Amino acid sequence: QHMQRLRQCQTLEQWRCQSSQSHRQRILLERLVANRNKRTCVHVLRAWEEHVEVSRAQAERLEELYRQHVALHLQRHFTKWAVWWEEKSERRRRLQRALIRHYRQLLVGVVRE
19 QHMQRLRQCQ TLEQWRCQSS QSHRQRILLE RLVANRNKRT CVHVLRAWEE
69 HVEVSRAQAE RLEELYRQHV ALHLQRHFTK WAVWWEEKSE RRRRLQRALI
119 RHYRQLLVGV VRE
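Per this note's numbering, the very first residue in the sequence shown carries number 19; after that it's consecutive.
Structure follows, in structure tokens:
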């Protein structure tokens, strides 16, 4: 049913409007467009515009690509965050050590007097 409708409609825009069923695929497509994952994107758009069936395997491949993209992004983000946290913690430890040293010297000075 979905593929029949897909063959009937002329452009991707019409396809977008007509097919609320394939919401997930539409979102996926828009994400791919948004991510400028150009090669995959152009391939998929062309397929849709020429009314070629995008096979289940291709759809899954797309989803897989997108998942990898997200995973990579998260990994990068997390790595950056972890590095920042390490540096912050290191700075805090350094500050604590400096303060302890400072107070120790003050105490020694007080005791001497």
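C-beta atoms are modelled at their ideal positions from N, C-alpha and C, and glycine is treated no differently.
Remember, it's a predicted structure, so these values are computed and weren't measured experimentally.
Residue i, buried or exposed, once every other Cβ within 10 Å from all chains shown has been counted against 16
| i | result |
| --- | --- |
| Leu124 | exposed |
| Leu80 | buried |
C-alpha gap between residue i and residue j, whole angstroms
| i | j | result |
| --- | --- | --- |
| Tyr121 | Arg115 | 10 Å |
| Glu78 | Tyr84 | 10 Å |
| Leu90 | Glu82 | 12 Å |
| Glu105 | Lys98 | 11 Å |
| Ser107 | Ala100 | 10 Å |
| Gln86 | Trp103 | 25 Å |
| Lys118 | Arg94 | It is worth fixing the name first, because residue 118 is Ile in this sequence and not Lys. Rounded to whole angstroms, Ile118 to Arg94 spans 36 Å at the Cα level. |
| Gln76 | Leu113 | 55 Å |
| Val88 | Arg111 | 34 Å |
| Leu92 | Gly127 | 52 Å |
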